[in-house]
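Chemist:
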Amino acid sequence: MSHYSDFTSQLLWHLPVNLTALAQTITDPNVLGQIQKAWSHFIQTGQVWALLIGLVIGYIIRNLTSYG
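Mapped onto numbering that gives the first Met the number 0, the consecutive letters of the sequence shown carry residue numbers 0 to 67.
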């Protein structure tokens, strides 16, 4: 276990300081607005019905194929 921790500490020591450049830049901080927009798109496109039908069919198939 000490070999692993030694390796990770050496690896982290040699990482560049500007590694955060890999993170995304936030352009729209309105998270709740984005969730609301995505949910309304989910409802308007009818994907909610596909989800519900898939859950019902999956539940039926699970009950038909279980032994208990």
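Even glycine gets a Cβ: it sits at the ideal position worked out from N, Cα and C.
For N29, which of helix, strand or coil comes out of DSSP?
Modeler: Counted from its first residue, the sequence shown places residue 29 at position 30. Coil.
Chemist: Distance, Cα to Cα, T26 vs W38?
Modeler: Against the sequence shown, residue 26 aligns to sequence position 27. Against the sequence shown, residue 38 aligns to sequence position 39. Each residue's alpha carbon lies about 20 angstroms from the other.
Chemist: DSSP state of G53, grouped into three classes?
Modeler: In the sequence shown, residue 53 corresponds to position 54, counting from 1. Three-state result, G53: helix.
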